[in-house]
Amino acid sequence: MKKYLVIGNPIEHSLSPRLHNYWFKENNIEAIYEKRQIKEPDIKGIISDIRNGKIEGINVTVPFKKSVIPFLDKLEIPKKTQSVNTIYIEKNNKTGSNKIIGENTDILGFKYSLEHIKYSVTGKKIFILGAGGVTPSIIYALEEMEPSVIMLSNRTKEKAKDLVKLFPKIELVEWGEIKNFDMIINTTSLGLKQNDKLPINYDQIGSGKFFYDVIYNPKKTNFLLEAEKRGHQIENGKMMFAYQAQEAFRLFTIDPNMRSGLLPTINKQVLQLLDND
Ligand code: ATR
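Per the working numbering, the very first residue in the sequence shown carries number 2; after that it's consecutive.
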């Protein structure tokens, strides 16, 4: 039986196994997808297990998306995202040489989540909160969609400045200050706990804005609840998560002779799997 893994720390909350196991079954693929809490020194051994065929592929979550990079043979990611969330082996039947590939499907996941709700970023003023592991992937996706400006604010200024080095067009905003925007994106982990509050005066924000939270559990963070109360459009990270997993599944099922891989369905049933009760 083929084996797949999601690695991270903590990992208990991960819903990747639910999705991938559902899709394996749906496509009659004999495979099992598990979650494993690891520590950084474990990465090397896990990658060796891909090389020697014990594991077919892995997804990577916080905090290892950057630290897996040195162990891979080939990166299929935009360098400045510094983030790999999908690892698989590319087998070359002709030469017999196999390569461990690192991919970043968060970028597509974010992009498709906006396409899903037909929200166009082009020409819009975007305000990002946070400078964590997923933020560069979101900035990369946004820049491709040509907003008029991307502003960014993070509690730790140094981390925000590091992002400006990678994406020089970003405008930095002091933590706690809110500039005029069309779309605001929470990429911080504030909101995972019920009492978490971002330093935002919601009454100062005009009407008709779009509030996007990368968090999907809880379904509505304080950030989204406050926005919804005031009639703004809201979206959580559920579709981004579903689409990044869909693209990862496609990569996992690429056959050396049949290049494209299987794109599994995202339907109501699949989305229900992500409603963690
Ligand atoms: P990592 O940086 O390890 O990838 P993450 O969970 O992806 O972790 O990102 C954490 C993000 O949430 C960061 O932007 C972090 O801000 P700092 O860079 O200042 O740490 C933000 N964050 C977490 N807890 C926060 C808090 N209590 N107040 C403000 N921002 C917070």
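All residues carry an ideal CB built from backbone N, CA and C; glycine is no exception.
Would you check if the distance between the CB atom of residue i and the CB atom of residue j is smaller than 8 angstroms?
i	j	result
I186	Y141	no
N223	G177	no
I179	I206	yes
N105	T82	yes
Y120	F211	yes
S154	V174	yes
I216	N237	yes
P64	G131	no
I75	I102	According to the sequence displayed, residue 75 carries Lys and not Ile. In contact: K75 and I102 (Cβ atoms closer than 8 angstroms).
G5	I56	Sequence check: residue 5 is Tyr here, not Gly. Yes, they are a contact pair.
E27	P265	yes
H21	F250	yes
M184	I235	no
I8	I51	no
I88	S68	no
P200	N94	no
I40	N86	The amino acid at residue 40 is misidentified as Ile; the sequence shows Lys. Not in contact: K40 and N86 (Cβ atoms no closer than 8 angstroms).
K221	L275	no
M146	V165	no
K84	I90	It should be noted that the sequence gives Ser, not Lys, for residue 84. Contact flag unset, no.
T188	I267	no
L284	G262	Look at the range of the chain in this structure, 2 to 278, and you will see that residue 284 is not part of it.
Q38	I12	yes
Drop a sphere of 10 angstroms on the beta-carbon of residue i, count the other beta-carbons inside from all chains shown, and report buried for 16 or more, exposed for fewer.
i	result
K112	buried
H233	buried
K66	buried
K36	buried
Q245	buried
T157	exposed
E248	buried
E227	buried
S17	buried
I48	buried
M2	exposed
G124	exposed
D214	buried
I139	buried
I171	buried
S15	buried
T96	exposed
I33	exposed
G46	exposed
S149	exposed
G209	exposed
G110	buried
S98	exposed
I114	Checking the displayed sequence, the identity of residue 114 turns out to be Ser instead of Ile. Flag for S114 reads buried.
Bridge partners of residue i, per DSSP?
i	result
A32	K3
I185	F128, F212
R37	I8
S154	L130
L173	L153
G58	Y5, Y89
Inset, instruction - Just list the alpha helix (DSSP H) runs in the segment 66–133, keeping only unbroken ones of 4 residues or longer that don't cross its boundaries, in chain order. - result: For the segment 66–133, whole alpha helix (DSSP H) runs of length 4 or above, ordered along the chain, are 107–117.
Legend entry - Contained beta strand (DSSP E) runs [length at least 3] in the segment 213–259, N- to C-terminal order: 234–236
Inset, instruction - Anything with a beta carbon under 6 angstroms from a heavy atom of ligand 1 counts; list them all in chain order. - result: V63, P64, G131, A132, G133, G134, V135, N155, R156, T157, K160, T189, S190, L191
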